[in-house]
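*Asks:* Below is a structure I'd like to ask you about.
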Amino acid sequence: MSYQYKKEFQQFLVEWFQREKRDLPWRKTKDPYKIWVSEVMLQQTRVDTVIPYYENFLEKFPTPEVLAEAEESFLLKQWEGLGYYSRARNLQAGVREVVESYGSIVPNTRDEISKLKGVGPYTAGAVLSIAYGVPEHAVDGNVMRVLSRVLLIEDDIALPKTRKVFEKAVMDLIDPDHPSDFNQGLMELGALVCTPTSPKCLLCPVRDYCGAFAEGRTAELPVKVKKTKVKKLHYDVYVIENEAGQICMEQRPATGLLANMWQFPMVEQTADYSGIAQYTKEHEIELHGQEELVELKHIFSHIVWHLKAFYVKGESKSGKWFTLDEIEHLPLPVPMQKILQSYRVHTKKL
DNA sequence: GATGCGTGGCG
DNA sequence: TCGCCAAGCAT
Numbered sequence: 001m002s003y004q005y006k007k008e009f010q011q012f013l014v015e016w017f018q019r020e021k022r023d024l025p026w027r028k029t030k031d032p033y034k035i036w037v038s039e040v041m042l043q044q045t046r047v048d049t050v051i052p053y054y055e056n057f058l059e060k061f062p063t064p065e066v067l068a069e070a071e072e073s074f075l076l077k078q079w080e081g082l083g084y085y086s087r088a089r090n091l092q093a094g095v096r097e098v099v100e101s102y103g104s105i106v107p108n109t110r111d112e113i114s115k116l117k118g119v120g121p122y123t124a125g126a127v128l129s130i131a132y133g134v135p136e137h138a139v140d141g142n143v144m145r146v147l148s149r150v151l152l153i154e155d156d157i158a159l160p161k162t163r164k165v166f167e168k169a170v171m172d173l174i175d176p177d178h179p180s181d182f183n184q185g186l187m188e189l190g191a192l193v194c195t196p197t198s199p200k201c202l203l204c205p206v207r208d209y210c211g212a213f214a215e216g217r218t219a220e221l222p223v224k225v226k227k228t229k230v231k232k233l234h235y236d237v238y239v240i241e242n243e244a245g246q247i248c249m250e251q252r253p254a255t256g257l258l259a260n261m262w263q264f265p266m267v268e269q270t271a272d273y274s275g276i277a278q279y280t281k282e283h284e285i286e287l288h289g290q291e292e293l294v295e296l297k298h299i300f301s302h303i304v305w306h307l308k309a310f311y312v313k314g315e316s317k318s319g320k321w322f323t324l325d326e327i328e329h330l331p332l333p334v335p336m337q338k339i340l341q342s343y344r345v346h347t348k349k350l
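Each residue of the first sequence is one higher than the one before, counting from 1 in the UniProt record's numbering.
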């Protein structure tokens with residue numbers, strides 16, 4: 001690609017971004033910590049979803065020092081509903097490292113910042129270019145889609161090794177004078193114009209530099225293999241209330257799905273169904289009565305939960321029991337929030 | 001390199 | 001209804 005082509009592409013992209021960029025809260029700052037927080041929240045998550053979480057998070061944790069000292073349950077409570085909860089734990093671990101080893105200054109080289117927990121190739125490049133103006137690649141799904149079309153790159157973007165192809169392309173194409181606007185411009189273009197379906201090519205600032213547009217192939221790119229079907233799991237869920245009006249809750253394991261989040265007791269419905277009988281025996285709970293609360297389906301990225309929730313009265317000396325007010329302060333995944341709401345409606349405890 | 005890891009919006 | 005998607009990373 002010619003020098004002239006490259007300079008024109010950079011100029012059209014950067015000027016379009018400066019003119020058309022959305023007014024987003026993390027675009028009001030160059031504080032590396034705040035940029036970092038925004039980038040972690042934006043991983044696999046829509047902008048509109050992130051905005052209120054970002055605002056609240058920085059109110060609760062305005063500096064790396066405050067986040068470093070936060071309790072994990074309080075941290076998870078702020079992340080509640082945003083999903084991919086390991087992001088929060090990894091962010092805190094990374095921030096603690098910055099506070100302890102870097103004098104609370106986020107490092108400004110790819111080598112150093114990449115060592116931080118939760119900071120991968122994309123987040124490293126995003127923080128470096130946006131907060132520090134370092135000409136580094138920041139390749140996400142948007143960038144791969146845009147450049148696959150512009151440069152007619154036909155590698156399967158679902159394959160991990162393909163990211164390197166685009167990183168190389170960005171390093172060749174990036175505007176050394178405006179790395180932040182260039183990287184954000186590619187992503188903004190992907191979000192607003194060069195969308196997965198029905199790209200708005202007539203509004204595109206680099207249409208004349210796009211191979212896919214020239215060849216009428218925007219619908220064919222990027223190449224991406226399809227995912228396989230997800231695993232279905234069926235559970236009965238028990239909202240168990242004792243005489244004192246407390247409710248039994250359990251904390252999920254520290255690793256894996258919804259790690260360390262809280263839930264009502266769940267019993268998987270398997271082929272050799274034993275149901276609640278086995279659970280109550282194991283946990284020494286005596287149940288009285290059983291009323292259906294709600295049935296719901298919860299779709300994870302790789303699993304589908306079919307939940308059938310019941311309201312029962314029970315007593316137990318073991319298990320962890322909480323009042324409604326206390327449950328409010330526990331980090332709950334969305335399906336448990338929905339069941340809690342059904343319980344409130346059912347028992348009129350609103 | 002393949003898999004695990006949330007959630008809500010959209011056509 | 002449902003599959004796909006949205007500013008990825010850890011293991």
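Glycine residues also receive a C-beta, built at the ideal position from the N, C-alpha and C atoms.
1. So, using beta-carbon positions, are G245 and H283 closer together than 8 Å?
2. Which partner residues of A309 appear in the DSSP bridge assignment?
3. In the DSSP assignment, find the alpha helix (DSSP H) that holds V40 and state where it starts and stops.
4. Starting from F264, trace the beta strand (DSSP E) in both directions and tell me its first and last residue.
5. Please report how far the alpha carbon of E292 lies from the alpha carbon of Q269, in whole angstroms.
6. Helix, strand or coil for G289? Go by DSSP, reduced to three states.
7. V239 and F300: beta carbons closer than 8 Å?
8. Write down the C-beta distance between A93 and K117 rounded to the nearest angstrom, noting that I regard them as a contact closer than 8 Å.
9. Taking Cβ positions, are R27 and K34 nearer each other than 8 Å?
10. Suppose the cutoff is 7 Å on Cβ atoms and the five residues either side in sequence are ignored; what does the same chain contact list for L258 look like?
11. At the level of alpha carbons, what is the spacing between E65 and K6?
12. Counting Cβ pairs, one atom from each stretch, are 3 or more of them under 8 Å apart for the region 169-186 and the region 212-223?
13. Decide if R46 is buried, meaning its Cβ has at least 16 other Cβ atoms within 10 Å, or exposed.
14. Under three-state DSSP, which class holds M249?
15. Return the CA-CA distance between P265 and K77, expressed in angstroms with no decimal places.
16. Evaluate K323 with the Cβ neighbour count: other Cβ atoms within 10 Å of its Cβ, from every protein chain shown; 16 or more gives buried, anything less gives exposed.
17. Between Y53 and L82, how many whole angstroms is the CB-CB distance? I'm expecting something under 8 Å.
18. Ignoring anything shorter than 3 residues or poking outside the region 169-242, list the beta strand (DSSP E) runs there in chain order.
19. When the Cα atoms are used, what is the spatial distance from A126 to E243?
20. Does DSSP put I113 in a helix, a strand or coil?
21. Could you pull out every residue in the same chain whose Cβ sits closer than 6 Å to the Cβ of A68, ignoring the five residues on either side in sequence?
22. What number of angstroms, rounded off, separates the C-alpha of N56 from the C-alpha of W79?
*Replies:* For this structure:
1. No, the Cβ-Cβ distance between G245 and H283 is not below 8 Å.
2. V237, V294
3. 32-42
4. Element bounds for F264: n/a, residue is neither H nor E.
5. 16 Å
6. strand
7. no
8. 4 Å
9. no
10. Counting only Cβ-Cβ distances below 7 Å, and skipping sequence neighbours, we find Y85, R252, P333.
11. 42 Å
12. no
13. exposed
14. strand
15. 20 Å
16. According to the sequence displayed, residue 323 carries Thr and not Lys. When all chains shown are included, T323 counts as exposed.
17. 5 Å
18. 231-241
19. 54 Å
20. DSSP, reduced to helix, strand and coil, places I113 within a helical segment of the structure shown.
21. V95, R96, V99
22. 10 Å
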